[in-house]
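Positions in the sequence shown are counted from 1; adding 229 to them yields our numbering.
C-beta: ideal position from N, C-alpha, C; glycine also.
Each remark here refers to the structure printed beneath this line.
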Amino acid sequence: MAFDASSQEAADKVADSQSPTWPEALRQALACATGGVDPAPTMAAFSNWAQQVCQHSERLGELGAALARGAAAIATAPSARSHWAFQPDRDDKRFAGAGWEAPPFSALAQTQLLLERLWRTGCAPLPGLAEQDRRRVEHLGLLSLGAMSPSNQPWTNPEVLAAAARSGGRTLLDGAALWLEDAGRLLDGKPLAGEDVLKVGKDLAATPGKVVFRNRLMELIQYDPATPSVRPEPVLLVPAWIMKFYILDLTPETSLVRHLLEQGFSVFAISWRNPSADDRELALDDYRREGVETAIALARSICGAPVHAVGYCLGGTLLAIEAARRGRIGDPALASVSLLAAQTDFEEAGDYRKLLTQADVAALEAAMQAHGVLQGWQMALSFYGLRANDMLWPRIVNRYLKGEAAAAGPLETWLADTTRMPARMHAEYLRGCYLENRLARGEMIVDGGQIGLKDLRAPLFVLGAELDHIAPWRSVQRLELHASGERTFVLTGGGHNTSVVSPPGKPKAYYRIVTAAAGSPYMPPQAVESAPRQEGSWWPAWTGWLADRSGPATRPPAKARPLGCLAEVEAAPGRYVMER
């Protein structure tokens with residue numbers, strides 16, 4: 230997959246990293262020390278922000294007055310939360326416990342909320358302040374304030390103090406012991422305590438099937454049919470390579486794979502290999518060719534019919550690239566394309582896109598050059614940092630200050646089972662998609678031809694989630710700006726992962742659905758928001774959509790047999806999913 234010259238030059242640097250010059254070695258060491266974050270643009274952003282704030286004295290006056298008013302309001306406000314001078318956001322659960330309504334904790338909580346409000350005010354747009362600098366300063370400032378929140382300190386959190394008092398200090402000792410155990414496990418490359426209770430292949434990813442193909446990048450799993458007859462068109466699941474595939478096959482009760490089988494479909498799934506430093510030169514196009522393109526060809530060959538291809542998260546982005554390539558040349562291999570919480574137009578790709586710069590990618594490349602891969606924990610922390618008050622600090626408080634070590638559930642176990650990413654591939658993805666948005670702009674070169682989202686020809690089913698901060702639904706829905714064929718968009722509740730794991734009977738599940746025939750005009754986001762709300766899981770609506778685009782049920786395909794270099798079939802979920 231070709232990108233522009235600068236992107237190729239950056240990728241070549243990764244390939245040459247095994248014998249760096251001493252300046253490059255120094256740069257790699259600095260990048261590793263900072264976790265792949267270049268401090269220069271951050272310092273420049275804060276310097277620019279401070280300069281602009283000082284030049285606009287009215288902003289300083291506004292902040293001073295707001296601080297004085299806020300302090301006075303807190304001093305006179307009743308301690309009952311409903312009467313606080315500053316109220317937390319609806320989703321902010323840091324101060325939800327009853328202990329926060331007693332002084333002095335109520336004042337501490339309100340002071341934290343006041344400081345965060347003042348920081349947002351101080352980071353409001355100003356003439357001369359670049360928008361990306363403003364966003365960076367606002368995000369990092371709020372992240373730092375969040376870390377210092379009274380809810381995160383043992384001596385200012387009434388829930389921590391109450392638990393310690395009830396247990397005679399045992400909870401604090403348990404938390405310290407748990408921290409030491411987790412530190413040792415991390416050094417040994419093991420999951421944290423409680424995150425390995427559920428076993429892959431037994432409790433998770435346990436749907437019967439066979440690995441029928443393996444190459445250096447992926448295993449292809451063919452699942453055993455669950456009905457006497459099946460639709461001729463197989464369903465191929467393309468997960469993200471950033472995590473393990475079994476988000477789509479969690480427990481028997483929450484398995485999307487099992488649901489598809491029960492609805493009379495033949496199901497295949499890609500299980501990506503967990504790369505090592507030796508794979509540093511693997512490119513994004515290798516994942517497309519040896520992963521998605523190969524899997525489509527195999528599923529079609531086994532079943533003798535076009536494929537319903539389904540991509541989740543980054544797997545959906547890669548599937549869109551392959552589908553556009555096939556659409557450009559008129560290849561009929563795809564019966565439909567379903568993109569679940571997958572971005573294809575990155576113009577408004579959420580908080581991560583707002584913060585990412587060319588300098589950040591260059592620093593990350595330098596860090597990856599030293600190890601050949603991006604470690605799974607690095608990617609996890611980058612996303613947790615976007616919602617630290619929800620996803621990071623509460624976990625630390627509960628685990629290490631309250632000593633709570635409950636066994637991880639299915640979704641938590643999957644989230645902890647991270648994977649690495651090859652250096653070259655990840656650099657190409659960040660530059661080509663996030664920064665340059667080449668697929669949406671029709672500037673991506675694949676197999677010697679230029680492709681874009683306008684080349685998508687197969688019927689499209691696109692899923693977005695209201696609370697998704699990784700692939701915001703409005704960003705996902707931007708595909709509507711480019712596609713002109715038949716398309717269906719579903720907006721569901723939940724976040725990036727919980728929206729996809731939505732079996733029938735899931736409590737409080739709902740969705741909205743809009744459809745457009747080929748050649749129909751653009752559907753704006755407002756059309757989605759105004760669509761009638763339908764209670765229940767979106768899975769039945771989707772499998773019905775697939776069935777409407779499938780042929781009459783027939784006998785299941787022949788029994789799974791080994792393909793390629795695989796000597797014999799192996800039981801699902803295979804070997805690659807077990808690699809850490």
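Could you tell me the boundaries of the beta strand (DSSP E) in which residue i lies?
i	result
V536	V536 to Y541
T744	Y739 to A745
I625	Unbroken run through I625 is the alpha helix (DSSP H), W622 to I625; no beta strand (DSSP E).
A564	L563 to L569
L689	L689 to A694
T721	R716 to T721
Could you pull the start and end residues of the alpha helix (DSSP H) that residue i belongs to?
i	result
F442	Unbroken run through F442 is the beta strand (DSSP E), G438 to R443; no alpha helix (DSSP H).
M807	Counting along the chain, M807 falls outside any alpha helix (DSSP H), and DSSP gives it neither H nor E.
A297	S286 to T305
G351	F334 to G351
R529	T523 to C532
W470	No alpha helix (DSSP H) holds W470; DSSP gives it neither H nor E.
Quick check: residue i and residue j, are their CB atoms within less than 8 Å of each other?
i	j	result
L630	N386	yes
V743	V729	no
G748	S713	yes
R670	G661	no
P732	T483	yes
A295	T350	yes
V467	A534	no
H698	L615	yes
F324	A338	yes
A549	G540	yes
L664	L585	yes
G423	A609	no
L433	L479	yes
C542	A700	yes
V426	A687	no
A694	G724	yes
G678	R557	yes
Could you tell me the alpha carbon to alpha carbon distance between residue i and residue j, rounded to whole angstroms?
i	j	result
A231	R554	Any reading at A231 is ruled out, since the residue's pLDDT is 48, under 50, leaving its predicted position unreliable.
F474	E287	53 Å
L421	D646	10 Å
L719	L477	First, the residue type needs correcting, since residue 719 is Val and not Leu in the sequence shown. For V719 and L477, the distance between alpha carbons rounds to 18 Å.
L795	Q755	50 Å
G520	S567	17 Å
S530	V441	12 Å
S235	R784	Residue confidence for S235 is low, a pLDDT of 43 falling below 50, so the modelled location carries little weight and cannot support an answer.
S378	D619	13 Å
I450	G803	8 Å
L696	R703	11 Å
L371	W348	7 Å
T727	P639	11 Å
P317	L342	7 Å
F275	A800	54 Å
K400	N277	The residue asked about is misnamed: residue 400 is Thr in this sequence, not Lys. Approximately 45 Å, taken between the alpha carbons.
S565	L775	8 Å
D417	G632	22 Å
E491	A331	54 Å
A595	E448	30 Å
F497	P437	12 Å
F334	W313	12 Å
R790	D320	50 Å
L593	P750	41 Å
G793	A528	13 Å
E672	R517	17 Å
S759	Y613	31 Å
Nearest to residue i by CA position, among the options, is which residue?
i	options	result
Q604	R716, T648, A637 and N618	T648
V590	P332, Y658 and E799	Y658
Q587	F497, A656 and G293	A656
R643	L337, V806, G293 and N381	Checking the sequence, you will find Trp at residue 643 rather than Arg. Answer by Cα proximity: V806.
W606	R809, P457, L433 and W278	R809
A392	D684, P333, G328 and H368	G328
G722	Y739, E715, R716 and W501	Y739
Q284	L358, G293 and I625	L358
G681	A376, A562, A552 and A336	A552
V536	N627, L409, W771 and F494	F494
G780	V282, D676 and C532	C532
P481	P383, V429 and A469	V429
K737	M752, R762, P753 and R716	R762
R624	W501, R443, W470 and A376	A376
Q) Is it a yes or a no for the stretch 491-508 touching the stretch 645-653, going by three-plus beta-carbon pairs under 8 Å? A) Enough Cβ pairs lie closer than 8 Å, so yes.
Q) Counting pairs of Cβ atoms below 8 Å between the stretch 600-615 and the stretch 349-357, do you hit three or more? A) Short answer: they don't touch.
(Q) Quick test of the definition: if touching needs 3 or more C-beta pairs under 8 Å, does the stretch 563-575 touch the stretch 694-709? (A) In the pairwise beta carbon analysis, the stretch 563-575 is classified as touching the stretch 694-709: at least three pairs are separated by under 8 Å.
Q.
Is it the case that the stretch 461-472 contacts the stretch 403-419, given that we only count it when at least three CB pairs across the two stretches are under 8 Å?
A. Touching, no.
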